[in-house]
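J.:
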Amino acid sequence: GTGRARVGSIRSPLWRKGGTVFGPQPRDYSQAFPKQKRRGAIKMVLSDKLRNQKLIVVDAFQMESPKTKDFVGVLKTLNLDRKVLVVDGRDNHNLFLSSRNVPKVKMVMSSGLNVYDLLNHDHLLISRQALLEIQEVLQK
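152 is the number that this note's numbering gives to position 131 of the sequence shown; each next residue is one higher, with no gaps.
1. Near R32, what residues of its chain come up, given a Cβ to Cβ distance below 6 angstroms and the 5 sequence neighbours on each side ignored?
2. At 4 residues or longer, and completely inside the segment 69-151: list those alpha helix (DSSP H) runs for me, N to C.
3. So, helix, strand or coil for L67, using DSSP?
4. Assuming V108 and A53 are in contact, meaning their beta carbons sit under 8 angstroms apart, how far apart are those beta carbons, in whole angstroms?
5. Taking the alpha-carbon positions, what's the L35 to S51 distance?
6. Do N141 and the ligand MN come close, with the Cβ less than 6 angstroms from some heavy atom?
7. Rounded to the nearest angstrom, how far is the Cβ of L106 from that of L139, given a contact under 8 angstroms?
8. Using CA atoms only, rank isn't needed, just tell me which of L118, S30, K125 is closest to N141.
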């Protein structure tokens with residue numbers, strides 16, 4: 022023989038450029054956040070927006086047709102030129118279609134409201150129905 026040791030595959034982890042012994046495994050590193058703390062954080066951010074006059078409540082978002090131009094006109098009349106979070110209580114399809122192409126504007130339903138979106142946007146434009154739904158959830 023050659024006098025060298027018997028070697029199986031060149032892909033063995035013992036060899037240079039060989040395989041990895043225990044490679045990375047896909048894992049879920051997310052952690053659950055307590056519901057009470059989540060609600061408390063939303064309450065704090067909402068009260069801060071109210072205190073700093075960054076919260077605007079409208080009766081309802083009535084969009085007859087999905088026109089971005091109409092939605093931008095509403096934002097201009099309300100003097101909203103920075104990042105705006107629009108919250109509505111029900112599935113308002115025309116409002117969603119009108120607002121989705123406007124930069125710096127994000128629309129969420131009241132059930133999907135979260136602290137990150139509230140902190141990431143300068144102004145909060147919310148319908149009365151959505152506000153009532155949020156109050157109901159936060160009183161639990």
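The beta-carbon is built from N, C-alpha and C at its ideal position, and this holds for glycine as well. Owing to the predicted nature of the structure, the values given are computational and were not obtained by experimental measurement.
T.: In short:
1. Closer than 6 angstroms at the Cβ level, and outside the excluded window around R32, lie G39, G40.
2. Whole alpha helix (DSSP H) segments, 4+ residues: 89-98, 114-120, 136-141.
3. Looking at L67 - three-state DSSP - the assignment turns out to be helix.
4. No, V108 and A53 are not in contact; Cβ-Cβ is about 24 angstroms, not under 8 angstroms.
5. The C-alpha of L35 lies about 34 angstroms from the C-alpha of S51.
6. No copy of the ligand MN appears in this structure; indeed no ligand is present at all.
7. Sure, about 7 angstroms apart at Cβ, within 8 angstroms.
8. Put simply, of L118, S30, K125 the residue whose alpha carbon is nearest the alpha carbon of N141 is K125.
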